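Counting the first sequence from 1 gives a position; the numbering used here is that position plus 71.
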Amino acid sequence: MTKIVSLAKRRGFIYPGSEIYGGLKGTWDYGPLGSELKFNIKQEWWKTMVKNRDDVVGMSTSILMNPRVWEASGHMTGFNDPLIECKTCHQRFKADQEDVIAEHENWHKEKKEKVDWTKVKKFNLLVETKIGVVEGEKNTVYLRGEITQGVHVNFKNVLSSSRLKIPFGIAQIGKAFRNEITPGNFTYRSIEFEQMELQYYVKPDKKESMKQYEFWKNLRMDWYKSLGINSDNLRFREHEKSELAHYAKEAWDIEYKAPFGWKECEGIHHRGDWDLARHQEFSGQDMSYFDEETGKKYIPWVIETSGGVDRAALFFLIDAYSEEDDRIILKLNPKLAPYKVAVFPLLANKPQLVKKAREIYEMLKSPIPQFPNYPITVAWDDRGNIGKRYYSQDEIGTPFCITVDFESLEKDDVTVRDRDTMKQVRIRVEKLINYIKEKIC
RNA sequence: GCGGGUAUCGUAUAGCGGCAUUAUGUAUCCUUCCCAAGGAUAAGACACGGGUUCGAUUCCCGUUACCCGCUCCA
């Protein structure tokens, strides 16, 4: 883990937040390569979940929302009161309800168990801020603790501005904030983090909803595997009934085997009608769906897939990290790699090599419609010797290195060196774009 | 939230109550016909704030951040 943190900073993936001022707990900044990695992850997610589907649309909603949203969602109630917690059975009680607490103590004493309480704490994990310009007249609002609610409150807007019919989904990627009690494990748990979520609305029917639930659960697992995470390092874990969140009927986590243990990277939740029903109750607005087939109105149920972008980035990095002899290699899937290719002249002091290499660099960097996400990211390097440059690109996960040598000048070709096998093939320049395209798509 | 630990160039490290090591990386140049070759030059650090002291990167206190346990985690 230390090696990952050190590499992340040395090569420009992830830096500590506000470092020159001594940092800020639980915040991290993504550097040139880290921001590319994150962007690629989000792009792959969006492709899989939105662009490739007819039944899912995207949204981008506000971080700041009317505070009543959080009352409806259940994030406020129960968490603003001073609470104490029983260390033996982890139940929480309102600190001012002395009779209930005494009763609980007796219950343990009868079982001859020890009774111990935590200090009185306020458990509000929402991050507070204030809006308004006049001091003393500012309103407290909360940075969203989950991005889900932005979608649910717009359920009717999406219905009336699109032609979607149930079942359909709304996807969103965005920042969320939580006053975590214990941030830690590098970027794994942060105060500020990015989520990528799908809310999939289905008929309020047990059989139908469970069918959808299984579908999305498996699709999400496949997504991580298809982008190169080793299957041995992934597993499903079902939540115990006692740990189910207030909104959930059923919940499974996709977990990754990190150096610090099996950790959640994505949750798939059956939210039932919790969100829409609560928003209907709290807002007084009709949140139901009119089903034209049956002529009936109902509040749909929701299947949610909720993943962390930062967690995905961290786990992709950890899983890709490998050492072979003196080489450090990030075996990132080419779709996620910050740079897709690097271009070198074999020798930096031979102008004709540099010139040709530069031409190929410019060619690959220019907008080429054959590339799926054009223009692609291309690195240039003419420092030191060729071996150093290969090693340097291995360390940041660049899948292909293109070298222009003296033969290239005569035959109009280049060598393409594969990151994982270190093998080289000679490719004619006219065929280079198609060759690269096949490898990185 | 509790306990323990750590903090020196970008990274990894040495060290001392009195000019702060080494390697690597970076920049510029020379050299080099494919896997961290070699040479030259340059820039670059004692986390922050107090205290003790003639003098503190070093000793003490506090803060901050990170790491390891426990705890917590919608």
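Glycine included, each C-beta is placed from N, C-alpha and C at the ideal position. Remember, it's a predicted structure, so these values are computed and weren't measured experimentally.
Those residues which DSSP pairs with residue i across a bridge
i	result
Y259	Beta-bridge pairing links Y259 to no other residue.
M130	Q243
M136	Y213
A450	A413
V487	I473, V496
R398	E395
F248	E263
V15	This structure cannot settle anything about residue 15, because the visible part of the chain is limited to 72 through 512.
K201	T211
Residue i, DSSP secondary structure in three states
i	result
N456	coil
H146	coil
M434	helix
F84	coil
L480	helix
I374	strand
G221	helix
T342	In the sequence as displayed, the identity of residue 342 is Arg instead of Thr. Three-state DSSP puts R342 in a strand.
K320	coil
K328	strand
T73	helix
V273	strand
V171	helix
L196	coil
D303	helix
K334	strand
D100	strand
E268	strand
I507	helix
Y461	helix
I467	helix
G445	With the sequence shown as reference, residue 445 is identified as Tyr, and Gly is not the correct amino acid for it. Here Y445 sits in coil by DSSP.
A79	helix
I23	It is not possible to answer for residue 23, since the shown part of the chain is limited to 72 through 512.
Beta strand (DSSP E) segment containing residue i, residue limits
i	result
Q495	495-499
H310	Neither: H310 is in no beta strand (DSSP E) and is coded neither H nor E.
R349	Unbroken run through R349 is the alpha helix (DSSP H), 345-354; no beta strand (DSSP E).
F386	Here F386 belongs to no beta strand (DSSP E); instead the alpha helix (DSSP H) covers 380-391.
K367	367-369
Y295	Where Y295 is concerned, there is no enclosing beta strand (DSSP E), although the alpha helix (DSSP H) it sits in stretches over 277-297.
E363	That residue, E363, is in no beta strand (DSSP E); it is neither H nor E in DSSP.
Residue i versus the options, residue with shortest Cα-Cα distance
i	options	result
W345	N301, H223, H310	H223
A428	W333, R291, T486, A391	T486
G455	L417, L95, I447	L417
Q220	E251, M267, N210, N250	M267
S302	F387, W117, E501	F387
K227	D357, V496, V500, E481	D357
L315	K334, G338, S106, E263	G338
M493	F477, I457, A173	I457
H341	F331, E326, K328, W372	W372
V128	Y272, Y213, K277, L214	Y272
D362	A450, T119, H175, P275	P275
D484	E501, G468, V198	E501
K74	T132, L403, F248, P330	P330
S377	M72, G207, D324, I511	D324
D100	N137, E174, F264	F264
E321	E285, D293, Y432	E285
A413	V449, Y392, I389	V449
K436	E395, A383, E394, I507	I507
G343	K482, G468, I374	I374
Opening and closing residue of the alpha helix (DSSP H) in which residue i lies
i	result
I112	103-117
K226	It is worth fixing the name first, because residue 226 is Phe in this sequence and not Lys. Element bounds for F226: 226-232.
- [ ] Check whether the region 351-368 touches the region 136-146, taking contact to mean three or more Cβ pairs, one atom from each stretch, closer than 8 Å.
- [x] Output reads yes: the region 136-146 touches the region 351-368.
Task: Touching by the beta-carbon criterion (3+ pairs, under 8 Å), the region 235-245 and the region 77-90 - done: The region 235-245, when compared against the region 77-90, does not touch it at the 8 Å Cβ threshold.
Open item on the list: Can you confirm whether the region 227-236 touches the region 193-208 when touching is taken to mean that 3 or more C-beta pairs between the two stretches lie within less than 8 Å?
Closed with: Contact between the region 193-208 and the region 227-236 is absent: fewer than 3 CB-CB pairs across the two stretches fall below 8 Å.
- [ ] For the region 241-252 and the region 359-370, state whether three or more C-beta atom pairs, one from each stretch, are separated by less than 8 Å.
- [x] Per the Cβ contact rule, the region 241-252 is not in contact with the region 359-370 (fewer than 3 Cβ pairs under 8 Å).
- [ ] Decide yes or no for the touch test of the region 431-449 against the region 461-468: beta carbon pairs closer than 8 Å, at least 3 of them.
- [x] Contact fails: fewer than three Cβ-Cβ distances are below 8 Å.
- [ ] Decide if the region 489-505 is in contact with the region 465-472; the criterion is three or more beta carbon pairs, one per stretch, under 8 Å apart.
- [x] With a cut-off of 8 Å on Cβ pairs, the region 489-505 is in contact with the region 465-472, counting three or more such pairs.
Open item on the list: Whether or not the region 250-263 and the region 273-281 are in contact is what I'm after, with contact meaning three or more pairs of Cβ atoms, one per stretch, closer than 8 Å; do they touch?
Closed with: The answer is no - the region 250-263 does not touch the region 273-281, with fewer than three Cβ pairs under 8 Å.
TODO: Determine, using beta-carbon pairs with one atom in the region 392-407 and one in the region 287-307, whether at least three such pairs fall under 8 Å.
DONE: Yes: the two stretches touch, three or more of their Cβ pairs being nearer than 8 Å.
- [ ] Could you say if the region 210-220 and the region 119-128 meet the contact criterion of at least three C-beta pairs nearer than 8 Å?
- [x] Using a Cβ-Cβ distance cut-off of 8 Å, the region 210-220 and the region 119-128 are not in contact, since fewer than three pairs of beta carbons, one from each stretch, lie closer than that value.
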